[in-house]
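Numbering (this note's numbering), first residue to last: 81 to 326.
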């Protein structure tokens, strides 16, 4: 295996710097399971061995294509001595960014950024669809906001309305996902993608049937893509939308 080593670095004032190192096979093909090895180390290169569970997992790995057209949220298995392993699928050639979200023991959760390149002809740039009402199988999702315009530096609530496609009634079979009513990842359109472009938000606990709200704020203007994930009767729905922040 070859190192695709673009260590993700993150510094916090309360503790040491951490880094993640990604090891991937030398020859990767699209649409083929790819074994990934992620080693979490301190700034001296020593393995960080103890982690705490957050949102029911030791690590959340968000894999996106750099144009943000592809998204996958997977959970590597912890082996030992700071090493996590998982298989990932990359649907087509091109550049991918992996946001590795983990929590060393007695520290804040961290996000390390890793890069992977799948050989071949790069796909055409994905079109940006600003429609805020979409259908995902048997679920219609609508996204609205607590204010008419999303502005940098202001707290905002992102509100998902989930309805049954056939009846147009609010869904009543929503179950917890990762211990909450839903999971939200937000990534700013940028090149290259960095840790500063990544946000994740926690769901508000109390909502009416079919409604899931998330509170967040944006520190930079630009276009962002959001992925809301929900558990509808055991089936994970990923509702994705583009939004604009000024």
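Ideal Cβ placement from N, Cα and C applies to all residues, glycine included.
Reduced DSSP category for residue i - H, G, I as helix; E, B as strand; rest coil
| i | result |
| --- | --- |
| residue 277 | helix |
| residue 82 | In this predicted model, residue 82 has a pLDDT of only 38, less than 50, meaning its place in the structure is not dependable enough to derive any value. |
| residue 49 | Residue 49 is absent from the structure shown; the chain starts at 81 and stops at 326. |
| residue 190 | strand |
| residue 155 | coil |
| residue 208 | coil |
| residue 286 | coil |
| residue 146 | coil |
| residue 312 | strand |
| residue 166 | strand |
| residue 219 | strand |
| residue 248 | coil |
| residue 270 | coil |
| residue 319 | strand |
Integer Cβ distance of residue i from residue j, believed to fall under 8 Å
| i | j | result |
| --- | --- | --- |
| residue 287 | residue 312 | Residue 287 to residue 312, Cβ: 15 Å. No contact. |
| residue 182 | residue 216 | Rounded, the Cβ-Cβ distance is 29 Å, inconsistent with contact. |
| residue 251 | residue 242 | 5 Å |
| residue 219 | residue 245 | 6 Å |
Proximity test, residue i beta-carbon vs the ligand GDP heavy atom, cut-off 7 Å
| i | result |
| --- | --- |
| residue 111 | Judged by which ligands are present, the structure shown has none, so any question about the ligand GDP falls away. |
Residue burial classification, residue i (beta-carbon count within 10 angstroms, cutoff 16)
| i | result |
| --- | --- |
| residue 156 | buried |
| residue 326 | exposed |
| residue 272 | exposed |
| residue 127 | exposed |
| residue 184 | buried |
| residue 277 | buried |
| residue 317 | buried |
| residue 309 | buried |
| residue 137 | buried |
Under 8 Å between C-beta atoms of residue i and residue j
| i | j | result |
| --- | --- | --- |
| residue 76 | residue 291 | Given a span of 81 to 326 for the chain in the structure shown, any question on residue 76 remains unanswerable. |
| residue 293 | residue 305 | no |
| residue 108 | residue 256 | no |
| residue 170 | residue 110 | yes |
| residue 148 | residue 178 | no |
| residue 227 | residue 268 | no |
| residue 194 | residue 102 | yes |
| residue 186 | residue 100 | no |
The stretch 208-222 contacting the stretch 167-176, beta-carbon criterion three pairs below 8 Å = no
key: Inter-stretch contact (C-beta, 8 Å, three-pair minimum) for the stretch 108-120 and the stretch 162-169   = Touching, yes.
ask   = Three or more beta-carbon pairs under 8 Å between the stretch 197-205 and the stretch 221-232, yes or no?
value = no
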